[in-house]
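Encoded as structure tokens, the structure appears first; notes follow it.
Residue numbers (my numbering), protein chains in the order written: chain A, 1 to 142; chain B, 1001 to 1398.
Encoded structure:
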């Protein structure tokens, strides 16, 4: 997909995976990738490895943006409502928020449903596409 | 059962909530004057001012303690200004209480007020790519109602809650608020009207999400000895305050984050964040949820009020809808929740809101909550949480 990341550092558009961190001290994961000290109060390590997170997870919950979000969100004109899912990545023990790809309505979603991370367009401007991670139901993808 | 760490609430005051569009200082001063009059003391009797800050009203809002003290006339009091998002008021109360318990002050004014913009709360200005609050709007379009919607939908899918259940919370709170002269919305609504309002964050409709409001609230908090000398009757006291952070790992997605902590390698804490806020209150006050007469909780959404029933221990997980349907949480029921009308009837005036919860609790314990009175109320709890991990809960009793 052509374009550049809307904000660098959260995912790899090529491999379509979120980039998190794994603490060298206690092994805990974090997304976005951690800098500074580990979040685990008993650890205090400041050394982390950047790691790609599981590409698949299950829906923790989901909702819609039925009203246009205010800036700094860059909304299409006219605004098209979209869904947002919180997806649980089992191996990393993380729940991550992301927009759901266009064409998937809230009625198509269910807690526990399997989702995968994909690269998609967040918005386009004079410079081209700005990319972000989104979630897509695995069933739809098949 | 009586806490050694009691302070008295000698006076309470509010400026009515609304969309008045005037300077926030005006609301805070009006609330402070009302609280002073209610306490029967003069401004010059106050020796500590605890301001709850607002971040949407320029520099005077960031240093609200001094702003209000100056507006009332500087008189050399100790002063503090606290910002902790929705928990700012609890921070101000905690500061005042600690000063009094330490013997550094005897009569404290706690005050917070806000003037709010229309519509969604947005991040403060500037392009800040290292601020999760900026990033969640920019990358996800995740507003505050996004999070309310996530919690609500999870209840539905896990517990079988219905849209009618959620709407019934609004119906209850609107009925309570109709009798509250300080509430912004004073009209009863029906389930049908709630469900007919536009969808904002599925499954939540416009009437199920709290508005942003202007308003001000104030307390006069004193040592118990001062209140007794002053002849305070009934002696309403604050017996416990909880202003704690979460314990790592917090596995509930919280504003403004777009991911939780990891539960992969570090053991989960005994309790999640919201239940831990009130557990600390129960422990400090030496009571349990069965001892409560009423609760004022942060109903940022209808469904979130139901989450609080469980987080307060009023019922077990997944049982909040049944508790609501039983009528227990309405005025006249076993454990009324948000007899003030809650955020559903007020809208949120951020730095004033946690203080307003205590104002309502005090009025209820005094038997002065005309039209919405919880009969025989003796123990009240408030519960709330502030963005980025600020717990907020206060126990009031008489």
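C-beta atoms are modelled at their ideal positions from N, C-alpha and C, and glycine is treated no differently.
- For residue 1250/B, same chain residues with a beta-carbon under 6 angstroms away, outside a window of 5 residues either side, are 1261 and 1273 in chain order.
- The three-state reading of DSSP puts residue 16/A in coil, since its state is none of H, G, I, E or B.
- Here the C-alpha atom of residue 38/A lies approximately 45 angstroms from the C-alpha atom of residue 1016/B.
- Minimum Cα-Cα distance from residue 1297/B among the listed residues 1102/B, 1067/B, 1353/B and 1150/B corresponds to 1353/B.
- When the alpha-carbon of residue 1176/B is set against those of 1338/B, 1221/B and 1150/B, the nearest one is in 1338/B.
- With contacts defined by Cβ atoms closer than 8 angstroms, residue 1014/B and residue 1216/B form a contacting pair.
- In this structure, the straight-line span from the alpha carbon of residue 5/A to that of residue 131/A is close to 4 angstroms.
- One Cα belongs to residue 1210/B, the other to residue 1022/B, and the distance between them is close to 20 angstroms.
- Around the C-beta of residue 1198/B, fewer than 16 other C-beta atoms lie within 10 Å, and the residue is accordingly described as exposed.
- Using a Cβ-Cβ cut-off of 8 angstroms, residue 6/A counts as an interface residue toward chain B, since at least one Cβ of chain B sits closer than that to its own.
- Taking the Cβ atoms as the reference, residue 1113/B lies roughly 19 angstroms from residue 1390/B, outside the contact range of under 8 angstroms.
- Around the beta carbon of residue 99/A, 16 or more other beta carbons lie within 10 angstroms, which makes this residue buried.
- A distance below 6 angstroms between beta-carbons, with the five flanking residues on each side excluded, links residue 1302/B to the following residues of its chain, in chain order: 1166, 1169, 1170 and 1208.
- About 11 angstroms separates the beta carbon of residue 53/A from that of residue 93/A, a gap too long to meet the 8 angstroms contact definition.
- In this structure residue 1314/B is buried. Its beta-carbon is surrounded by 16 or more other beta-carbon atoms within 10 angstroms.
- The beta carbon of residue 1200/B sits closer than 7 angstroms to those of 1145, 1206 and 1209, all from its chain and outside the five residues before and after it, given in chain order.
- For residue 1194/B, the enclosing alpha helix (DSSP H) stretches over residues 1191-1196.
- The C-beta of residue 92/A comes closer than 8 angstroms to at least one C-beta of chain B.
- Proximity of chain B to residue 84/A at the Cβ level (cut-off 7 angstroms) is accounted for by 1140, 1142 and 1146, in chain order.
- Residue burial is scored here from C-beta neighbours: residue 1074/B has fewer than 16 other C-beta atoms within 10 angstroms and is therefore classed as exposed.
- Interface annotation, residue 1153/B: in contact with chain A, CB-CB separation under 8 angstroms.
- Counting only the Cα atoms, residue 1310/B lies some 14 angstroms from residue 1328/B.
- Rounded to the nearest angstrom, the gap between the Cα atoms of residue 1135/B and residue 126/A is 21 angstroms.
- The C-alpha of residue 1222/B is placed about 47 angstroms away from the C-alpha of residue 1264/B.
- Residues of the stretch 95-112 of chain A with a C-beta atom less than 8 angstroms from some C-beta of chain B are 95, 96, 97, 98, 99, 106, 110, 111 and 112, listed in chain order.
- Contact between the stretch 1025-1040 of chain B and the stretch 38-49 of chain A is not established, with fewer than three Cβ pairs separated by less than 8 angstroms.
- The shortest CA-to-CA distance from residue 1190/B to any of 1119/B, 1172/B and 1333/B is the one to 1172/B.
- According to DSSP, residue 1205/B shares a beta bridge with 1199/B.
- Within the stretch 1037-1063 of chain B, no residue places its CB atom closer than 7 angstroms to a CB of chain A.
- At the C-beta level, residue 1070/B and residue 1082/B stay beyond 8 angstroms of one another.
- For the pair of segments examined, the stretch 1120-1133 of chain B was found not to touch the stretch 79-87 of chain A: the number of CB pairs separated by less than 8 angstroms stays below three.
- Counting C-beta pairs with one atom in each stretch, the stretch 1042-1060 of chain B and the stretch 1104-1112 of chain B have three or more that are closer than 8 angstroms, which means they touch.
- Contact annotation: in the stretch 119-142 of chain A, residues whose CB is within less than 9 angstroms of a CB in chain B are 122, 132 and 133.
- For the C-beta of residue 41/A, the chain B residues within less than 7 angstroms are, from N- to C-terminus, 1248.
- A direct Cα-Cα distance of roughly 7 angstroms separates residue 10/A from residue 33/A.
- Around residue 135/A, the same chain offers 85, 87, 98, 100 and 115 as residues with beta carbons nearer than 6 angstroms, after the five sequence neighbours per side are excluded.
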